[in-house]
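Respectively, the protein sequence lines represent chains E and L.
Those letters in the first sequence? Residues 1 to 458, per our numbering, in order.
Those letters in the second sequence? Residues 1001 to 1316, per our numbering, in order.
Okay, structure first, notes after.
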Amino acid sequence: MRDRLKHRYFFSLMAVFTLLATVLTACGGSSSPSTGKTTVTVVYQQFGPPPYQDQEWWKNVQKKLDASNSNIQLKLQPIIADEGNYYTKLDLMLRSPNTAPDLVREDSFLIGSDATAGYLAPLDSYLNSWPEYAQQWFPSMQKITTFNGHNYGIMNGTDVRLVWYNKDIFKKAGLPTEWQPKTWNDILQAAQAVKSKVPGVIPMNLYSGIPMDEASTMQGFEMLLYGTKDPLYNYTSKKWVVSSKGFEDSLSFVKQVYSPNKLLGPSNDIALSTQAGNTVSQQLLPQGKLAIAIDGSWLPGTWATGGQVPWPAWQQTMGMAKMPTQNGEAPTNVTLSGGWSYSIAAHSPNKDAAFKVLQVANSKDLLAAYDVAVANIAPRQDISDVPAYKNQPGATFFSSLVAVSQFRPAFPAYPKVSVQIDSAMQQVMQGKSATEAMAAYEQAVTGIVGAANTEKGP
Amino acid sequence: MQTKAQAISIEATSPLKRSSNRQNKRIRIGLLCLAPAMIVTFVFMIGPALWSIYISLTNMSLTGAGAATPQWVGLQNFIQVFHDGEFLGALRVSLTYLVFSALIGQAVLGFLLALLMRKRNRVFKAILGGIIIVAWVIPDVVAGFLWSTFLAGGPQSVLAPGTLNVIMQVFGQPLHAWLQDYPTVMIIIANIWRGTAFSMMLYASGLESVPDELLEAAAVDGAGPWVRMWSVILPLLKGTIATDLLLITLSTLSDFTLVFILTGGSNASTELMTIYQYRQAFQFYQIGYGSAIALLIIVVGAVLSLLYIRLLRIEL
């Protein structure tokens, strides 16, 4: 009796463990190509309703690979999640050799962090063997994926930031319909003209404050700061510039836009809401309620047929101008770029095959088709003569900006520094002086990166 | 390995008395039946819990330094938490939110509503109860969006005003960008609206068990309504009150969605501890630091729970 029980106990335990083991292996997944082909796994983000342009692109890449009789089989592994969760899941996959894919879609801005983490393979030797890359990719687009002297990805699309303005409202305000502000002051003066002559219209929008997060930092603050003489980060001394004339001037500009007595920007219920981006692009601009918007090159995507708010008349209504530097100093205008790249995972067992896939995917025709489909600015210079690309409104203007575009200091500490910038902006919006807000920023950033990694500008 | 050790111990106990043998057998059968549940609990609950304690003592992160090879940092994360003004701010926000929205708002309002519903006719109970419970039944995300449309608009805004601002307009009162100008008050009101039903139902069932004879006897002895409330009803409801406070404290401390939807989770004056934890762990990818904060949230909850049990002198 005792023995039987003992055995039963043992067997049931064994059964449970076997069951668990099966379940756990099933979770792990496996890749055993039965066809003798090399499988290259591709991970990218997929969100919202179809069509999924990344999927279409990779399908075309597969066709082209098959046509050239390569023995590469792509395995698409979309991560269905919004942007924040995509990175959480991607980073979890990249951590372990068991789950790491071969090719991953990376926000250019996280390449520094992921390279530091050891997730990405440097592509230098591959790219050196592919002359097309050095010839065709804008130097700025090659620089954006470079971290500590190594290149970790190939950019497939980028964006720029600029000054949008509504020509109808400008006409009513007696302003020129072909407009290029030369200084920050030109923008403020145009906004004031709108305020006094066109009631019921918000004169200008500059994203600001904590709720809009990175949009406040990049479309808002950095578009100002990068147009002053002072940087956010000193690449030579490798230190964060936590206090400078340019920083303070940028905050003063924000303060002028959001001064409650002479409000030029949107009211708080719009500006300090997390929905400000959608409100601006889907309501205020198409409804003619906003005169000047410092915003991204991606806005026409919202207004295209099939976009969230189809607005065919935008091409006649909306004007595009470059963002001027503070007082028109050389190089007279400023823009920032982000964008996406594909990188090879450090744990990838098929790096050679993966790079072959990247070459095909980034060939002129396939990349052009993709960039047109997702309304991206092409990082390849020769795509600008592809008709489908060239004929998009604004394409030439945007491409001219890419050549001079600048980037964020994409170090691991940046996301936290970014929040502090937003916080400083919100402080001046809510009445603090630019000097006070900058002092708070200095203190917070010193706490984040350490006093040894900060310096003060003039 | 373990099975072997068990087998040896079984052999060792075998020369004992028959009755103790039978008892042992019963224990073994009991353990056997419990085994699947225990294993699941260990693998999916206690395991991860221990793991998160371990993680909180490392600099583990999802990207950047500390991602590939997490280092043991001892209590560094906990020391850092207490030096982080943002955490102390979040703790303050969480406690304010807890005291005003849960302890004062939900518990008191829930109790008053339960009293109001007592001995009323069915129709009244059904309608009032229905309205209150609807707020509790709808998902957090929906409740969040409901409140943000209710509070929309503001002075100088070109957008359509929300219901509250329309009411203000009708009465000729100044408009406000409610969520931006008074964020703390608004999340507290929204949470009272949302959670009162739970306390109300708990108290209603507690009040059912207060015998009418006792109240009548007290009335005969000359006790007014206040005395009856203070000396009869409340002492009888002590257990219910403790249960309610415990449950709403724990659920309010772990609240995330409603406030996150209303504020985007990034306003210093409405950043709950849970939101702070989420941001550190999943926006800044610091898993180790985030785990340390999560453990501290549990500590805060545990301390408060013990406090209630002590104050109300009840036995669980």
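The beta carbon of each residue, even a glycine, is placed where N, CA and C say it ideally should be.
Being a predicted model, the structure only gives us computed values, none of them experimental.
Beta-carbon proximity of E/Ser-108 to E/Gly-338, cut-off 8 Å
yes
Determine the closest residue to E/Lys-75 out of E/Thr-145, E/Tyr-133 and E/Ala-100, with distance taken between C-alpha atoms.
E/Ala-100
Is it buried or exposed, L/Lys-1238, if we count other Cβ atoms within 10 angstroms and call 16 or more buried?
exposed
8 Å Cβ cutoff, E/Ala-117 in contact with chain L:
yes
Rounded to whole angstroms, how far is the Cβ of L/Leu-1304 from the Cβ of L/Thr-1249, which I believe are closer than 8 Å?
5 Å
DSSP bridge partner residues for E/Asn-205 (one or two, in chain order):
E/Ala-293
Is the shortest distance between the beta-carbon of L/Arg-1026 and the beta-carbons of chain E less than 8 Å?
no
Neighbour list for L/Asp-1221 in chain E, Cβ cutoff strictly below 7 Å:
Residues of chain E passing the Cβ test: none, with the nearest at roughly 58 Å.
Chain E residues whose Cβ lies nearer than 7 Å to that of L/Pro-1225
What L/Pro-1225 touches in chain E: nothing, since even the nearest Cβ is about 45 Å away.
Using a Cβ-Cβ cutoff of 8 Å, what residues of the region 1255-1271 of chain L are near chain E? List them in chain order.
Thr-1263, Gly-1264, Ser-1266, Asn-1267 and Ala-1268
Check whether E/Gly-319 and E/Ala-375 have beta carbons under 8 Å apart
no
Any C-beta of chain E under 8 Å from that of L/Gly-1288
no
Burial state of E/Cys-27 (16 or more Cβ within 10 Å)
At E/Cys-27 the pLDDT is 44, less than 50, meaning the model places this residue with poor confidence; the figure from the coordinates comes in the next sentence. Counting Cβ neighbours within 10 Å, E/Cys-27 comes out exposed, since fewer than 16 surround it.
Is there a Cβ from chain E that is less than 8 Å from the Cβ of L/Asp-1140?
no
Cβ closer than 7 Å: which chain E residues qualify as neighbours of L/Ser-1157?
Ser-267, Asp-269 and Ile-270
What does E/Tyr-342 pair with, by DSSP beta-bridge criteria?
E/Arg-105 and E/Ile-154
Taking its Cβ as the centre, do 16 or more other Cβ atoms sit within 10 Å of E/Asp-371, making it buried, or is it exposed?
buried
Do you know how far the Cα of E/Ala-434 is from the Cα of E/Lys-255?
8 Å
Between E/His-150 and L/Leu-1146, what straight-line distance do the alpha-carbon atoms span, to the nearest angstrom?
49 Å
Which listed residue (E/Asn-148, E/Val-449 and E/Lys-89) has its alpha carbon closest to that of E/Thr-236:
E/Asn-148
I'd like to know whether the C-beta atoms of L/Ile-1275 and L/Val-1259 end up nearer to each other than 8 Å.
yes
Sufficient close CB pairs (3 or more, under 8 Å) joining the region 1202-1222 of chain L to the region 1268-1288 of chain L
no
Assigned exposure category for L/Ala-1152 - 16 Cβ within 10 Å defines buried
buried
Bridge partners - E/Ala-321, DSSP secondary structure assignment
E/Val-163
Cβ of E/Ile-80 within 8 Å of any chain L Cβ:
no
Which one of E/Trp-137, E/Lys-262 and E/Thr-177 has the shortest CA to CA distance from E/Ser-196?
E/Lys-262
Quick check: what's the CA-CA separation for L/Pro-1036 versus L/Ser-1019?
27 Å
Quick check on DSSP: helix, strand or coil for E/Tyr-52?
coil
How far does the beta strand (DSSP E) with E/Ala-38 in it extend, from its first residue to its last?
For the record, residue 38 of chain E in the displayed sequence is Thr; it is not Ala. Its beta strand (DSSP E) spans residues 38-46.
Could you name each continuous alpha helix (DSSP H) segment of 4 residues or more that falls completely within the region 174-245 of chain E, going from the start of the chain to the end?
184-197
Is L/Ile-1309 helix, strand or coil when you go by DSSP?
helix
Does the Cβ of E/Trp-311 have 16 or more other Cβ atoms within 10 Å, making it buried, or fewer, making it exposed?
buried
Please state whether the Cβ-Cβ distance between L/Arg-1325 and L/Ala-1135 is less than 8 Å.
Not covered by the structure: residue 1325 of chain L. The range shown for chain L is 1001 to 1316.
Is the beta carbon of E/Arg-95 sitting closer than 8 Å to the one on E/Ile-294?
no
For E/Val-23, does the three-state DSSP call read helix, strand or coil?
The predicted position of E/Val-23 is uncertain, since its pLDDT is 48 and thus under 50; no value can be drawn from it.
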